[in-house]
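Taking my numbering, the leading residue of the sequence shown gets 18, the next gets one more, and so forth.
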Amino acid sequence: MLQTVSPPFSSQKLAPSACPVCFSPAIRFAFTRNNLSIYSCSSCALEFQFPQPTDSALAAIYSSDYFLGASNARSLANQEALKRATARLYLNALAPCLTSARPNLLEIGCGNGAFLFEAQSRGFAVEGLEYSEHAAGQANALLGRPAVQVGSPEVDRLSRAAYDLIAAFDVIEHLRDPRRSLAYLHSALRPGGFIALVTPSLDSWSRHLLGRYWMEYKTEHLTYFSRKSLAALLASTGFASVRFLPNYKTLNLEYVSSHFERFPVPVLSPIVRLLRRILPAALVRRPLNIVASGVMAIAQKPL
18 MLQTVSPPFS SQKLAPSACP VCFSPAIRFA FTRNNLSIYS CSSCALEFQF PQPTDSALAA
78 IYSSDYFLGA SNARSLANQE ALKRATARLY LNALAPCLTS ARPNLLEIGC GNGAFLFEAQ
138 SRGFAVEGLE YSEHAAGQAN ALLGRPAVQV GSPEVDRLSR AAYDLIAAFD VIEHLRDPRR
198 SLAYLHSALR PGGFIALVTP SLDSWSRHLL GRYWMEYKTE HLTYFSRKSL AALLASTGFA
258 SVRFLPNYKT LNLEYVSSHF ERFPVPVLSP IVRLLRRILP AALVRRPLNI VASGVMAIAQ
318 KPL
């Protein structure tokens, strides 16, 4: 995970004056959820928090426990195995984009390094940029070398035209100014290079089912994208050939249950808790590839 520190609008205002992605004034207050005020844009179908949380509020959320997300060794091992399996799904999805025998990969918000580890095992030259010093240390230990730096995607931290692929999975929704960050990442890609994003989608079945009780409405999620708004943002920052894929993740009921205990959802959390209690352990731990709330966007920097 990571964040930038310059919001596209002042948090001192009583209400936003324009959409932070398409700049349309056609915005309206949508609802309040978990003490968050959510606004929506009629032009690009974006939703966003206003005002945004303070830096200190976000720093308190991004503790070491945020990146571990597990309370005991077995849960942690289960989580890491699922992350590795999901990383392999992502690499398979991105394989058609890559022609180099040893692609240069940068992952933004690489967490504990599962995706970089799997990519490195396939011959990628990998680097990472991670907001959390704790998570970056874990990633470097996993990779066996100091490939991950602590920071955010500032233009002076990234080499220009250096990478064949930049990945940012479950990151863009955390950024204060996603437009500026994507522009920086665009400059770091080689001509013809690709960016791959994963983010919770307003078009997802879980959002349609749960509405304002969607589990992705969290303090640390500042912006909520539809495919339309994400495509518009990518195009406006210089990317072309935008396409979307279902965001398959490898999960099991043990992980899903722990997640819903951590981020409760009315009705759904008790149901998942009951299923975990009554089903055989083998079923609770069986991994499945499912699409829950996210979407994968792949876009190219023109030659």
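The beta-carbon is built from N, C-alpha and C at its ideal position, and this holds for glycine as well.
Quick one: is Gln155 buried, meaning 16 or more other Cβ sit within 10 Å of its Cβ, or exposed? Gln155 should be labelled buried.
Close beta carbons around Ala47, own chain, < 7 Å, minus the five adjacent residues each side: Non-local C-beta neighbours of Ala47 in its own chain, meaning closer than 7 Å and more than five positions away in sequence, comprise Ile55, Tyr56, Ser57 and Glu64, ordered along the chain.
Of all the options Val273, Glu278 and Ser286, which has the alpha carbon lying nearest to the alpha carbon of Ile307? Nearest C-alpha to Ile307: Val273.
Determine which residues share a DSSP beta bridge with Tyr56 and list them. DSSP, once it has assigned bridges, lists Phe46 and Phe65 as partnering Tyr56.
Let me check understanding here. Comparing Cα to Cα, which of Cys36, Val143 and Ala200 lies closest to Ser60? Comparing Cα positions, the closest option is Cys36.
Would you mind working out which of Glu150, Ser169 and Pro170 sits nearest Pro163, comparing C-alpha positions? Selected option, being the one with the closest Cα: Glu150.
Best match in Gln69, Pro319 and Leu93 for proximity to Gly209 [C-alpha to C-alpha]: The shortest Cα separation from Gly209 among Gln69, Pro319 and Leu93 belongs to Pro319.
Lys245, DSSP secondary structure in three states: Three-state DSSP puts Lys245 in a helix.
How is Ser198 classed by DSSP in three states: helix, strand or coil? Ser198 falls in the helix class under three-state DSSP.
Residue interval of the alpha helix (DSSP H) (run including Thr103): Looking at the DSSP string, the run of the alpha helix (DSSP H) that includes Thr103 is Ala90 to Leu111.
In whole angstroms, what separates the C-alpha of Val172 from that of Tyr148? With a pLDDT of 49 at Val172, under the threshold of 50, the modelled position of that residue is not reliable, and the figure given next carries that caveat. Spanning the two alpha carbons is a distance of roughly 15 Å.
What does the Cβ neighbour count give for His238, buried or exposed, with the cut at 16 atoms within 10 Å? So His238 counts as buried.
Helix, strand or coil for Asn269? Go by DSSP, reduced to three states. Asn269: coil per DSSP, three-state reduction.
Inter-stretch contact at 8 Å, needing at least 3 Cβ pairs: the stretch 205-222 / the stretch 175-187: At 8 Å Cβ cutoff, the stretches touch.
Exposed or buried, what is Phe211 when buried is set at 16 or more other beta-carbons lying within 10 Å of its beta-carbon? Buried, by the Cβ-count rule.
Does the separation of the CB atoms of Arg174 and Thr254 fall below 8 Å? Thr254 sits away from Arg174, with the two beta carbons spaced by 8 Å or more.
Can you grab the Cα-Cα spacing for the pair Trp222 / Pro263, in whole Å? Roughly 11 Å between the two C-alpha positions.
Less than 8 Å separating the beta-carbons of Leu285 and Phe277? For Leu285 and Phe277, yes; Cβs fall inside 8 Å.
Among residues of its own chain, excluding the 5 on either side of Ala102, which ones have a beta-carbon nearer than 7 Å to its beta-carbon? Only Thr267 and Pro304 meet the Cβ criterion.
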